[in-house]
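Going down the list, the protein sequences come from chains C and H.
The opening position of the first sequence corresponds to residue 1 in the UniProt record's numbering, with each subsequent residue numbered one higher.
The opening position of the second sequence corresponds to residue 1 in the UniProt record's numbering, with each subsequent residue numbered one higher.
Think of the CB as a built atom: it goes at the ideal place given N, C-alpha and C, for glycine as much as any other residue.
The structure under discussion appears below in the form of structure tokens.
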Amino acid sequence: MRFVDEYRDPAAARVAVRRITELADGGRGGLPYAFMEVCGGHTHTIYRHGIEQLLPETVELVHGPGCPVCVIPMGRVDDAIALAERPGVVFTSFGDMMRVPGSAGSLLEAKARGADVRMVYSPLDALKIAEATPDMQVVFFAVGFETTAPSTAVTLLRARERGIRNFSVFSNHVTIVPPLKAILESPDLRLDGFLGPGHVSTVIGNRPYDFVARRYGKPLVTTGFEPLDILQAIVMLLEQFAEGRCEVENQYTRVVRDEGNPIALAMLQQVFRLRPHFEWRGLGFIAQSALALSEDFADWDAERRFDLPGVRVADPKACQCGEVLKGAIKPWECKVFGTACTPETPIGTCMVSSEGACAAYYTFGRLHRTAAGLAAASS
Amino acid sequence: MSATVHPPVPEGRQELVLERIEAFRRRRPRLTDEVVTLAHGAGGKASAALIDAVFLEAFRNEALEQLGDGALLPLPSGDQLAFATDSYVVRPHRFPGGSIGSLAVHGTVNDLAMCGARPSWLSAAFVIEEGFPVAELAALAADMAAAAAAAGVTVVTGDTKVVDTGAADGVFITTAGVGLVPAGRRLAADRVRPGDVVLVSGTLGDHGVAVLLARGDLDLEADVTSDTAPLAGLVEVLLAAAPGTRWLRDPTRGGVGTVCNELAAQAGVAVVLQESALPVRRPVGGACDLLGIDPLYVANEGKFVAVVPAEEAGAALTALRAHPLGADAAVIGRIAGEPERIVLLETSFGGSRIVDMLVGDPLPRIC
């Protein structure tokens, strides 16, 4: 992993932070610049490297809806559990999906009750299990944005090629542009710009974001996942303000092309179709925001192969995740934050994953200033 | 959409919410689950809650309430008897650097060593699944014998049970051990003071990553060997060089991040770690990066974390590094008074973050 070191150089970080401090001086009309990092991977980098403590008070990062695990609504988790608890089913899932609560517990709890739930690192591993256990029905719980959808597509193409019939996919893949639009459309929006998702953009490219600047007048900089990537993207956003520009830019040029990855896009086209609408935890129903399997792959579609409860479970009333996701309120302003809703017993999407805005604030909120002080004193 | 609306911020409410969370965090975690899940065995908050609600509740006594790696029991001679037990269920049974057999000896010997004891005797109990090959069992027993000889302990009693196919995963081993703590030796969290130095006896995460890779379901290959080793000898080296050593712990399940949290909570101090000082082998760091796991939470089976007075840190480090098991020993942080009960990591990048207790098993992130 030697190649990543140059993106974690503290000297370069200090230079970038100095530049950010200069550019953001005075904030925006007296308030801090509020930039949303759309992707959960960015949130993880920000916490892991302590980036928030490095930033001046004039720049604030708002954690967006790009944690694919957090946005799956309770009803879909319930469906997943119902599938997992069917006799003869091996239910496979990415690890961090297993703790997400439905209306009656999580997949981890279903596993504890005896369901055959197995953690996999790739849908291809699930397909391997299907080949190895031909008398079992192996279902893969597909979640994630355009980042993980191509690997599901490859797996389905291979399943068809090899005629593996005891394999199916419960698709919960979502797309990035519609929720971004939903956030931009909200009347209580409180954001000045966006850090665009790096991994998603390697697939879809940078062009689909053009509307963010053109129609909504907000700059967006697609960025990578190393800490210096994040700082550089913030510099690029602030430079746009300083120079009176509002554009979609690409900081992650070493990976992201404007046109994306045409091979992956073609595969998605072949394997998936857009759902008319899909429910997002905290954001509600968003039109054309998720992927179901196409007619060609109907035989591998778990939603058609099995009867699913398909019951819609409303987000808890008191939960204000939607507002937190849009940056309209801070986590601590939510009515249930820290009382009914905690990392051990999460109610809303933002508390579910450790990189959700509320979970992060719950763990780190009080200590931001103390931590910053300590770090300053010791350097 | 250029007009942004900023809702009014209720005065004082943020402080109030944060105070409430802080009060909640100070409480021992509470058991709310109806069934046991794997999270209860992962060494984090869920484990603590289960132990509190079920075992402490049932067995409550002074020795147990210390919740140390082993119990310390006073003897008429003035010495103390250290007594520890541990069960081993690792899969696969063999991994680069060791086996469930060698691990079953090292783990219990190390629990004793962390109490400051010189380990002497072990018991070994086997739960064996019907159908398990005798040759494999004999090989594991040979591993145990070799590990015991190297650690200077004798297996003096044992038990064998066989269960139906499916009722166990090949073989489970439970060992218990006893050893003597010389009079006057006391290692405890309450001796830790601000200004003390935190040491680790070698690289982090080797065991956890070696086992993860040996399971073979990752399709990842890297040259990683488990660090499983008996530590009693190295502990004696440390205590000779740094007689003021305050506290020792072997960061097994839950890793260095978890034991530092236990220390911070028990001693009411801050543990401030430096990311750039954490010794992590490249293949281990690379595998962790790929899987989205933090090496701070990955298990070790041949390392200890020690807190020593600042003035003895240099001597401790020199002595540890002269020993084959301590060649990569390093100072990884210090004890501070504030913020109480918190483990803070100063990142190599120049920021800082809090290293919290894990809620359950560290689950790999998907993106």
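Chain-ordered neighbours of ALA189/H on chain C, where CB pairs are closer than 8 Å: Simply none; closest approach about 21 Å.
Could you say which of VAL212/C, ARG207/C, ILE176/C and THR175/C lies nearest to GLU185/C if we only look at CA atoms? VAL212/C
Kindly give me the distance between the Cβ atoms of GLY50/C and SER352/H, rounded to whole angstroms, as I take these residues to be in contact under 8 Å. 4 Å
So what does DSSP say about THR324/C, is it helix, strand or coil? For clarity, residue 324/C is Val in the given sequence; the question names Thr instead. Helix.
Which same chain residues end up closer than 6 Å to GLY195/H when comparing Cβ atoms and leaving out the 5 residues on each side of it in sequence? ALA310
For the pair the segment 71-82 of chain C and the segment 92-112 of chain C, tell me if three or more CB-CB distances fall below 8 Å. yes
How many angstroms separate the CA atom of GLU65/H from the CA atom of ASP356/H? 23 Å
Could you round the C-beta distance between ASN172/C and ILE72/C to whole angstroms and report it? I think they count as a contact, below 8 Å. 6 Å
Measure the C-alpha to C-alpha separation of ALA372/C and VAL221/C and round it to an integer number of angstroms. In this predicted model, ALA372/C has a pLDDT of only 47, less than 50, meaning its place in the structure is not dependable; the value taken from the coordinates is given anyway. Computed Cα separation, rounded: 27 Å.
Counting only Cβ pairs nearer than 7 Å, list the residues of chain C close to ASP217/H. ASP125
For the candidate residues VAL324/C, GLN320/C, ALA290/C and VAL62/C, whose alpha-carbon lies nearest to that of PRO68/C? ALA290/C
Tell me the residue span of the beta strand (DSSP E) that contains CYS39/C. 33-39
To the nearest angstrom, report how far apart ALA318/C and LEU278/H are at their CA atoms. 43 Å
I need the DSSP call for LYS128/C, collapsed to helix, strand or coil. helix
CA-to-CA distance, VAL134/H to ILE354/H, given in whole angstroms: 48 Å
Enumerate, from N- to C-terminal direction, the unbroken beta strand (DSSP E) stretches of 3 or more residues contained entirely within the segment 193-264 of chain C. 193-196, 220-222 and 248-250
Presumed contact (8 Å Cβ cut-off) between ASP143/H and GLY179/H, rounded CB distance: With 8 Å as the limit, ASP143/H and GLY179/H do not qualify as a contact, their Cβ atoms being about 21 Å apart.
Return the chain-ordered ranges of every alpha helix (DSSP H) run that is complete within the segment 134-167 of chain C and spans a minimum of 4 residues. 149-162
beta-carbon ALA16/C near the ligand FMN non-hydrogen atom, thresh 8 Å: This structure lacks the ligand FMN, and indeed carries no ligand of any kind.
So what does DSSP say about HIS93/H, is it helix, strand or coil? coil
For ALA376/C, count neighbouring Cβ atoms within 10 angstroms of its own Cβ and tell me buried if that reaches 16, exposed if not. Residue confidence is low: ALA376/C scores 46 on pLDDT, short of 50, so the model does not pin down where it sits. Its coordinate-derived value is still stated next. When all chains shown are included, ALA376/C counts as exposed.
Taking the alpha-carbon positions, what's the VAL17/C to GLU52/C distance? 11 Å
Quick one: residues in its chain with C-beta nearer than 8 Å to the C-beta of CYS246/C, no 5 flanking neighbours on either side, listed in chain order? ALA213, GLY217, LYS218, PRO219 and GLN240
Looking at chain C, is there any beta carbon in it that lies within less than 9 Å of the beta carbon of SER2/H? Any reading at SER2/H must be qualified, since the residue scores a pLDDT of 39, below 50, and its modelled position is unreliable; no value is offered.
Grab me the residues of VAL271/C's own chain with a C-beta within less than 8 Å of its C-beta, minus the 5 sequence neighbours each way, in chain order. THR152, ALA153, LEU156, LEU157, LEU293, SER294, ASP296 and PHE297
On the DSSP bridge list, what partners appear for ALA277/H? Paired residue(s): none; ALA277/H is not in a bridge.
What does TRP332/C touch in chain A if you count any residue whose Cβ is under 8 Å from its own? Included in the structure are the protein chains C and H, with no chain A among them.
Is the Cβ-Cβ distance between LEU81/H and LEU67/H less than 9 Å? no
Would you say PRO29/H lies against chain C (beta-carbon separation less than 9 Å)? yes
Report the rounded CA-to-CA distance for PRO56/C versus ASP86/H, giving the unit in angstroms. 49 Å
For GLU19/H and MET267/C, I'd like the C-alpha separation in whole angstroms. 51 Å
Take LYS111/C and list the residues in its own chain whose beta-carbon comes closer than 6 Å to its own, dropping the five residues that flank it on each side. VAL117
Kindly provide the ranges of any beta strand (DSSP E) runs that are 3 or more residues long and lie completely inside the UniProt domain "PurM-like N-terminal" (69-181) of chain H, ordered along the chain. 71-74, 80-88, 118-129, 154-163 and 171-181
Run through DSSP, which three-state label would ALA242/H get? coil
Where are the beta strand (DSSP E) runs, 3 residues long or more, that stay fully inside the segment 287-352 of chain H, in chain order? 305-308, 330-336 and 342-346
Name the chain C residues that come within less than 8 Å of ASP356/H, Cβ to Cβ? THR363
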